[in-house]
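Undergrad: Below is the structure I would like to discuss, written out as structure tokens.
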Amino acid sequence: MTGSASAGYGRDVRSPFRRRDDRPADRYGTDVLAGDRNRRPKVPVVDAEPGLVVEDADGGFCGAVVGFEADAVVLADRHDKRRLFPLVPGGFLVDGRVVTLRRPARPATPAVRRLTASGSIAVPDSPAKVARASRIWVEGIHDAALVERIWGDDLRVEGVVVEPLSGVDDLVGAVAQFEPGPERRLGVLVDHLVAGSKESRIVAQVTSPYVLVTGHPYVDVWQAVKPAKIGIRAWPEVPKGQPWKEGVCAALGVSDPGALWRRILGSVRDYRDVEAPLLGAVEHLIDFVTAPAD
513 MTGSASAGYG RDVRSPFRRR DDRPADRYGT DVLAGDRNRR PKVPVVDAEP GLVVEDADGG
573 FCGAVVGFEA DAVVLADRHD KRRLFPLVPG GFLVDGRVVT LRRPARPATP AVRRLTASGS
633 IAVPDSPAKV ARASRIWVEG IHDAALVERI WGDDLRVEGV VVEPLSGVDD LVGAVAQFEP
693 GPERRLGVLV DHLVAGSKES RIVAQVTSPY VLVTGHPYVD VWQAVKPAKI GIRAWPEVPK
753 GQPWKEGVCA ALGVSDPGAL WRRILGSVRD YRDVEAPLLG AVEHLIDFVT APAD
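What follows is the structure, given as structure tokens:
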């Protein structure tokens, strides 16, 4: 019977819970979490803005962000007790959620617009242009130095050259020799350009449409500098017939006119240090000589 049974049941009678290689089968199937054992939930990164309330994930200290030191954040609790915590990944809780704190990115510093001494917007890293054929003439080296002090940057960008004259007595002849034209304009700055003056009579003889003469009411360009800049209330009155510079130096007790001029020029930093009539006159000349040709 036993033998017959063995013969009658020739099929494979191994347990259905054994693999064909005789290893025990997993009767519950594959572990669905087995492949994710090394996968951790993604921890959000939060900017530690001042005032943000967070909790230290390890010690439970809760406080608001009040600052940073190196790679650590400073938290202050409601009693203003302060503690320092390293900015480690997943080291904090915000509203019960694990987060990684980081220092907020510093906002980009907006570019600061630099102004020239004349008050116009500076053109950064701009080389001087090749000089135009047009020119600006002024009455002397002191006038030229003062114009350079205030408008030098603007003139270099525009390619305008300022040249000093030795007075304006022969202005008509100098203009004719210059031969002004549509692309060769001339601007002239004249001292003491007031009605009835010698200067006004000379200027009236210049009629070219390519020449513009402007001026200021001051006897000398020194007087166009605000007197407070050199520590005086007003420029001294100089009697007619006496050279103006020498009269001013005598009134101020200065023996060397050159020293006084250096003091005057050194006091000028920008357009705010000179009188409005000079500003308007020079700005008008610059606009004229840089205007497009007709």
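Take any residue in the sequence shown, note its place counting from 1, add 512, and you have its number in our numbering. A virtual CB, placed ideally from N, CA and C, is assigned to each residue, including glycine. Computed from a prediction, not measured in an experiment: that's the story for all the values here.
#1: Would you call the segment 707-717 and the segment 670-678 touching, i.e. three or more CB-CB distances under 8 angstroms?
#2: Grab me the residues of L564's own chain with a C-beta within less than 8 angstroms of its C-beta, minus the 5 sequence neighbours each way, in chain order.
#3: Here's the rule I'm using: 16 or more other beta-carbon atoms within 10 Å means buried, otherwise exposed. How should A629 be labelled?
#4: Under 7 angstroms Cβ to Cβ from D666, same chain only, skipping five residues before and after it: list those, please.
#5: Report yes if the C-beta distance between E808 and P751 is below 8 angstroms; otherwise report no.
#6: Taking the Cβ atom as the reference point for each residue, do R614 and A569 lie within a distance shorter than 8 angstroms?
#7: Restricting to runs no shorter than 3 residues, where is the beta strand (DSSP E) found entirely within the segment 676-728?
#8: Give a yes or no on contact between the segment 753-767 and the segment 788-803, applying the rule of three or more CB pairs nearer than 8 angstroms.
#9: For A634 and F690, I'd like the C-alpha separation in whole angstroms.
#10: Where does L772 fall in DSSP's three states?
#11: Can you tell which of G608, P639, P556 has the C-alpha that lies nearest to the C-alpha of V600?
#12: Please list the terminal residues of the continuous alpha helix (DSSP H) segment that includes V801.
#13: Could you check if D592 is buried or exposed, using at least 16 other CB atoms within 10 Å of its CB as the buried criterion?
#14: Under the three-state reduction of DSSP, which class applies to E567: helix, strand or coil?
#15: In terms of alpha-carbon separation, which member of E787, R644, V566 lies closest to E670?
TA: So, from the data block:
#1: no
#2: The answer, listed in chain order, is V558, A576, V577, V606.
#3: buried
#4: T628, S630, S632, I798
#5: In the structure as shown, the chain starts at 513 and stops at 806, and residue 808 therefore has no counterpart that could be examined.
#6: no
#7: 698-702, 723-727
#8: no
#9: 31 angstroms
#10: Helix.
#11: Ranking the options by Cα distance to V600, first place goes to P556.
#12: 788-801
#13: exposed
#14: In the structure shown, E567 sits in a strand (DSSP, three-state: E or B).
#15: R644
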